[in-house]
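Those letters in the sequence shown? Residues 1 to 437, by the working numbering.
Notes for the one structure printed next.
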Amino acid sequence: MTARQLAVRALVRQEQNGYSNLVLDAELKKCSPALQPRDAAFAARIFYTTLERQNLLDWMLAQTCSKPLQKLDAPVRAILRAGLAQAVFMAVPLPAAVNESVKLTRVFGKSSASGMVNAVLRRAAALHPDAGAWPDLTDRLETFYSMSRPVAELLARQYPADAERMAEACYTRHPTAVRVNLLRTTDEELAGELRADGCTVEPGPWRHCLLVSFPGTPANTGAFREGKFHVQGLASQFAALCVDAGPGMRVLDLCAAPGGKSLTMAQAMGDEGVLLSGEAVPARVPLLTAAFARCGIHCARPFQGDAGTFQPELGVFDRVLCDVPCSGLGVMGKKPDIRYKSLEGIENLQKVQQKILQNGARYLAQNGRLVYSTCTVNFFENEEQIRQFLAQNPDFCVVPPQIALPGMRAGEYGTLFLPHETGTDGFFVCVLERRMV
Numbered sequence: 001m002t003a004r005q006l007a008v009r010a011l012v013r014q015e016q017n018g019y020s021n022l023v024l025d026a027e028l029k030k031c032s033p034a035l036q037p038r039d040a041a042f043a044a045r046i047f048y049t050t051l052e053r054q055n056l057l058d059w060m061l062a063q064t065c066s067k068p069l070q071k072l073d074a075p076v077r078a079i080l081r082a083g084l085a086q087a088v089f090m091a092v093p094l095p096a097a098v099n100e101s102v103k104l105t106r107v108f109g110k111s112s113a114s115g116m117v118n119a120v121l122r123r124a125a126a127l128h129p130d131a132g133a134w135p136d137l138t139d140r141l142e143t144f145y146s147m148s149r150p151v152a153e154l155l156a157r158q159y160p161a162d163a164e165r166m167a168e169a170c171y172t173r174h175p176t177a178v179r180v181n182l183l184r185t186t187d188e189e190l191a192g193e194l195r196a197d198g199c200t201v202e203p204g205p206w207r208h209c210l211l212v213s214f215p216g217t218p219a220n221t222g223a224f225r226e227g228k229f230h231v232q233g234l235a236s237q238f239a240a241l242c243v244d245a246g247p248g249m250r251v252l253d254l255c256a257a258p259g260g261k262s263l264t265m266a267q268a269m270g271d272e273g274v275l276l277s278g279e280a281v282p283a284r285v286p287l288l289t290a291a292f293a294r295c296g297i298h299c300a301r302p303f304q305g306d307a308g309t310f311q312p313e314l315g316v317f318d319r320v321l322c323d324v325p326c327s328g329l330g331v332m333g334k335k336p337d338i339r340y341k342s343l344e345g346i347e348n349l350q351k352v353q354q355k356i357l358q359n360g361a362r363y364l365a366q367n368g369r370l371v372y373s374t375c376t377v378n379f380f381e382n383e384e385q386i387r388q389f390l391a392q393n394p395d396f397c398v399v400p401p402q403i404a405l406p407g408m409r410a411g412e413y414g415t416l417f418l419p420h421e422t423g424t425d426g427f428f429v430c431v432l433e434r435r436m437v
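Have a look at this one:
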């Protein structure tokens, strides 16, 4: 199976409503080990580029196709989208993109559509749409930047001056941020080992953070298998570092899976003390166990439990992290499914977030620290949650973070990361401390 054929198969499955990463992984596994790593990477690029640009691709195809796209057979629709994505956004020469797409119509048993695919792709690739074609910001976000109408409306309403630059920044690819496991290596040793494996390595914005360009996937490196680092975005590292966990402390991570923040905190603790890492979904608890084992962490104990339900038997903690479930609007650049969210039921999600935050405070020792974080830019999941919490808990106050990242917005109710200003995921972190009495 070719990379293009695999990508189209994955796109057809994706339309049947699945998580993009799981869909692609399943298709890649079907072809492993016959598919070369380079071909697998090319298939992934086609798949994700098509999803990231789907609304714009559909608009371009609709201008040149006499038949509505939704009336086409699913494989033909996927072939058109993937072929146009290659020609317009992946620098694949148009003749190659067209010819390979025509071949795919035969592979998928749709030879009768080959002429139409040829003509439509050539005409669509010649359109060169500009963002200015959509004067209304919401329309522009929805079509040119490929978002669902509800997501576009939220960003346009809350960030009228920033939404377009934020949307553009979500298409920018950055080096992978990793956290050095000081229990097994040093910054310098890990950087040297990764460079020997063909990686480009630069220092991150703070100690024990590296920015790495991997030739393949990070998990394929010996250093990863030996637990010398874990992958963690800069904003996520920021949240974990703001907890300020130290050796001998009792620390609680209420929403821990897949475990990046728990790993960072455990390493900051020097693997001394107690770290309880909770996860509501039973199937995700083994992810924590595996991560701790790979990195040689012994102070951390995973457990299954609802983060919004108080469990007095857990005890009292010096530090509590509430990295709550959220709409995920800050990580559209990594998870294209989020672009097309309906945001239905978001009010219920906000109630869950407040419940977890209030519950986290119940575990906190006097003079302890509580950190609230999300990977969204939605005001009502971020600053408004903190405002509500403070109104109900006057013994708490917001404290400034002890580290900084250029471009972050530190405000009365916490710190906001916007992708176009920080070069990170969209993220929110608030550090709360209980006042001394």
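Even for Gly, the Cβ is constructed at its ideal location relative to N, Cα and C.
Keep in mind it's a predicted model, so treat the numbers as computed, not measured.
Assuming residue 317 and residue 359 form a contact by the criterion Cβ under 8 Å, report the distance between their Cβ atoms to the nearest whole angstrom.
-> For residue 317 against residue 359, the beta-carbon gap comes to about 12 Å, at or over 8 Å, which does not count as contact.
To the nearest angstrom, report how far apart residue 361 and residue 370 are at their CA atoms.
-> Near 7 Å, if we compare the C-alpha coordinates of residue 370 and residue 361.
For residue 221, the nearest candidate out of 245, 244, 195, 208 (CA to CA) | The option with the nearest alpha carbon to residue 221 is 195.
Straight-line CA distance for residue 190 to residue 20?
-> Answer to the nearest angstrom: the Cα atoms are 31 Å apart.
Considering only residues of the same chain and omitting the five flanking positions on each side of residue 129, which have a CB-CB separation below 8 Å?
-> Once the five neighbours on either side are set aside, the close Cβ partners of residue 129 are 56, 59, 60, 144.
Counted within 10 angstroms of its Cβ, other Cβ atoms place residue 22 as buried (16 or more) or exposed = Residue burial is scored here from C-beta neighbours: residue 22 has fewer than 16 other C-beta atoms within 10 angstroms and is therefore classed as exposed.
Assuming residue 330 and residue 295 make a contact with CB atoms under 8 Å, what is their CB distance in whole Å?
-> About 26 Å separates the two Cβ atoms, so there is no contact after all.
Which of helix, strand or coil DSSP assigns to residue 230 = Looking at residue 230 - three-state DSSP - the assignment turns out to be strand.
Would you kindly report the start and end of the unbroken alpha helix (DSSP H) that includes residue 304?
-> Where residue 304 is concerned, there is no enclosing alpha helix (DSSP H), although the beta strand (DSSP E) it sits in stretches over 300-304.
Can you give me the Cβ contacts of residue 365 inside the same chain, cut-off strictly under 7 Å, excluding the 5 residues immediately before and after it?
-> Counting only Cβ-Cβ distances below 7 Å, and skipping sequence neighbours, we find 316, 317, 318.
Could you tell me how far apart the beta carbons of residue 114 and residue 122 are, in whole angstroms, since I believe they sit closer than 8 Å?
-> A Cβ-Cβ distance of about 13 Å is found for the pair residue 114 and residue 122, leaving them out of contact under the 8 Å criterion.
Which stretch, first to last residue, makes up the beta strand (DSSP E) that contains residue 410?
-> Looking at the DSSP string, the run of the beta strand (DSSP E) that includes residue 410 is 409-411.
Look at residue 307 and residue 328 and say whether their C-beta atoms are less than 7 Å apart.
-> Taking a C-beta distance under 7 Å as the contact criterion, residue 307 and residue 328 do not qualify as a contact pair.
Per DSSP, the bridge partner or partners of residue 146 = Residue 146 is not bridged to any residue.
DSSP on residue 183, reduced to helix/strand/coil?
-> In the displayed model, residue 183 falls within coil according to three-state DSSP, outside both helix and strand.
Which first and last residues belong to the beta strand (DSSP E) in which residue 213 is found?
-> Looking at the DSSP string, the run of the beta strand (DSSP E) that includes residue 213 is 209-213.
Length of the line joining the Cα atoms of residue 245 and residue 183 = Rounded to whole angstroms, the separation of the alpha carbons of residue 183 and residue 245 is 15 Å.
Which value, in whole angstroms, describes the spacing of the CA atoms of residue 208 and residue 73?
-> Each residue's Cα considered, the two are about 51 Å apart.
Compare the Cα-Cα distances from residue 412 to each of 165, 276, 390, 271 and report the closest residue.
-> The candidate whose alpha carbon is nearest that of residue 412 is 390.
Cβ contact check for the region 336-348 and the region 388-402: 3 or more pairs under 8 Å = Touching, no, given that fewer than three Cβ pairs across the two stretches are closer than 8 Å.
Per DSSP, what kind of secondary structure is residue 278 in: helix, strand or coil?
-> Looking at residue 278 - three-state DSSP - the assignment turns out to be strand.
What's the C-alpha gap between residue 30 and residue 100?
-> Whole-angstrom Cα-Cα distance: 22 Å.
For the region 351-419, list the beta strand (DSSP E) runs that are entirely contained and at least 3 residues long, ordered along the chain.
-> Correct list: 364-374, 396-399, 409-411, 414-417.
Cβ-Cβ separation, residue 268 to residue 233 (assumed contact under 8 Å), whole Å = Residue 233 to residue 268, Cβ: 17 Å. No contact.
Do you know how far the Cα of residue 243 is from the Cα of residue 431?
-> In a straight line, the C-alpha of residue 431 is about 8 Å away from that of residue 243.
Nearest to residue 368 (by Cα), restricted to the options 320, 385, 378 | Of 320, 385, 378, the residue nearest in Cα terms is 320.
Residue 136: buried (16+ other C-beta within 10 angstroms of its C-beta) or exposed?
-> Result: exposed.
Cβ of residue 302 within 7 Å of Cβ of residue 272?
-> When the beta-carbon positions are compared, residue 302 and residue 272 stay at least 7 Å from each other.
Residue environment, residue 37, which counts as buried when at least 16 other CB atoms sit within 10 Å | Exposed: under 16 other Cβ atoms inside 10 Å.
Count the other C-beta atoms from every protein chain shown that fall within 10 angstroms of the C-beta of residue 75, then say buried if there are 16 or more, exposed otherwise.
-> Here residue 75 is buried: its Cβ has 16 or more other Cβ atoms, across all protein chains shown, within 10 Å.
4 or more residues per run - each alpha helix (DSSP H) lying fully within the region 55-135 = As far as the region 55-135 is concerned, its whole alpha helix (DSSP H) runs of at least 4 residues are 74-89, 94-107, 114-125.
With which residues is residue 176 paired in a DSSP beta bridge?
-> Looking at the DSSP assignment, residue 176 forms a beta bridge with 212.
Please report the residue range of the beta strand (DSSP E) in which residue 253 lies.
-> Judged by DSSP secondary structure, residue 253 falls within the beta strand (DSSP E) whose first and last residues are 250-253.
What is the DSSP secondary structure of residue 49, reduced to helix, strand or coil?
-> If DSSP states are grouped into helix, strand and coil, residue 49 belongs with the helices.
Does DSSP classify residue 247 as helix, strand or coil?
-> Residue state, collapsed to three classes: coil.
Which residues in the same chain have their Cβ closer than 6 Å to the Cβ of residue 152, if we skip the five residues on either side of it in sequence?
-> Taken in chain order, the residues that qualify are 138, 141, 142.
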